[in-house]
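So the sequence shown is numbered by numbering that gives the first Met the number 0: it starts at 0 and just counts up by one.
Note that beta-carbon positions come from the ideal geometry of N, C-alpha and C, so glycine has one too.
Heads up, the thing below is written out as structure tokens.
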Amino acid sequence: MGMGLLIDATRCIGCGACSSACKEQNKLPGKVEEVLTAYTWTTLQAREGLNVRRMCMHCEVPTCASVCPVAALTKTADGPVVYDAERCMGCRYCMMACPFEVPKYQWDRPVPVIGKCILCAGRIKEGKPTACAEACPAEATIFGKKEDLVWEARTRLRQKPGEYVNQIYGLTEAGGTSVMMISNVPFDKLGLKSNLPAEPPAMRTWQVLSNIPDFIGVWGVFLYGVHWITARRDDVAKVENHGNDREGQS
Ligand code: SF4
Ligand code: SF4
Ligand code: SF4
């Protein structure tokens, strides 16, 4: 089951410490933006008097990973869905397939890569909480083993039934996610999708792909363009190694 986050929207004071800590931890340039971008991996949005965090949900069976033709996205045993820019061929299927519309592309770069929260996978490996959870002064974002977070969420719902909607968002949505949320306002009013099936969309990956018109074309690229992918990989490696060309751009 791995590790995860529990976000309690009733406790969030809107300070933005989580978003700032994410920028710092991941060396993401520019200011925190109002929506998710390749350089803003988590942000707060005001809804119904609450501050609602947006970020990758780290699905248990991630559709982004299942549609990726080159396994650039993978679910780790620890919980994070991580991304390998050097594998990515830039097809952006992950962006189209994600039920939460999370992955974003660096449209401003000559060699763009995908940007999204990686659940601080490196920190988790070192036994540390995610930077956003560590920075939260109100325990509105807490980090832990997923089963402990589910237990904590159930306890809060049981102890204060009048103060919460009786639902843990992420427990079943899209097959379950490592990031979960509780709230006193129905989740659809917070801009979260309320009609996601409990069956992971990743199980229907081939249906998803068959709905993408140029699916066959991409496989053509895959078959005939290995040299092109390799060249892109080299370019990405150069950008990653030299230079931090992310710095100063937004
Ligand atoms: S929320 Fe989207 S990007 Fe994040 S793991 Fe799930 S499918 Fe992938
Ligand atoms: S853009 Fe394509 S290759 Fe890159 S991570 Fe997304 S699905 Fe995989
Ligand atoms: S888990 Fe890490 S990468 Fe994800 S939003 Fe929090 S600080 Fe950013």
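Using CA coordinates, which residue listed in the options is at the minimum distance from residue i?
i	options	result
THR42	CYS116, SER182 and TRP106	CYS116
MET180	LEU195, ASN194 and VAL164	VAL164
LYS74	ASP83, VAL60, CYS87 and ALA45	VAL60
ALA37	GLN44, ARG46, CYS55 and ASN50	CYS55
ILE12	CYS67, GLY114 and GLN44	GLN44
LYS188	GLU47, CYS21 and THR62	GLU47
GLY174	ALA197, GLU32 and ARG155	ALA197
THR171	ALA137, ALA8, ASN25 and HIS57	HIS57
CYS97	ALA64, VAL69, PRO68 and GLU85	ALA64
GLY254	LEU27, LEU49, SER182 and VAL112	Since the first and last residues shown for the chain are 0 and 249, residue 254 lies out of range.
PHE99	PRO200, ILE123 and PRO160	PRO200
ASP233	ALA84, TRP106 and ALA134	ALA84
TRP49	LYS124, GLY15, ASP107 and MET88	Here residue 49 turns out to be Leu, not Trp, going by the sequence shown. With distances taken between Cα atoms, LEU49 lies closest to GLY15.
THR62	ARG122, LEU195, ALA236 and VAL235	LEU195
ALA8	VAL235, LYS237, LEU191 and ALA236	LEU191
PRO28	ALA137, TRP150 and ASP107	ASP107
VAL235	GLN24, GLY89, CYS67 and GLU138	GLY89
SER25	ARG122, VAL184 and GLU138	Residue identity differs from the one stated: residue 25 is Asn in this sequence, not Ser. Cα-wise, what sits closest to ASN25 is ARG122.
GLU23	THR154, GLN158, GLU133 and GLY126	GLU133
Pop quiz: residue i and residue j are said to be a contact at Cβ under 8 angstroms. What is the actual Cβ separation, rounded to whole angstroms?
i	j	result
TYR104	ARG91	6 angstroms
ARG231	VAL110	7 angstroms
LEU148	GLY3	6 angstroms
ARG52	ILE6	5 angstroms
SER19	VAL31	6 angstroms
Is the CB-CB distance between residue i and residue j below 7 angstroms?
i	j	result
TRP40	CYS21	yes
SER177	PHE186	no
GLY143	ASP77	no
ALA152	ILE167	yes
CYS93	LEU118	no
VAL101	ARG86	no
ALA120	PRO79	yes
(request) Anything with a beta carbon under 6 angstroms from a heavy atom of ligand 3 counts; list them all in chain order. (result) After applying the 6 angstroms Cβ criterion, the set is ALA20, CYS21, GLN24, ASN25, TRP40, THR41, MET54, CYS116, ILE117, LEU118, CYS119, THR129, ALA130 and CYS131.
(request) Could you name each continuous beta strand (DSSP E) segment of 3 residues or more that falls completely within the region 120-191, going from the start of the chain to the end? (result) Taken in chain order, the complete beta strand (DSSP E) segments of 3 or more residues contained in the region 120-191 are 140-144 and 178-181.
(request) Just list the alpha helix (DSSP H) runs in the region 4-71, keeping only unbroken ones of 4 residues or longer that don't cross its boundaries, in chain order. (result) Here the runs fully enclosed are 16-24 and 62-66.
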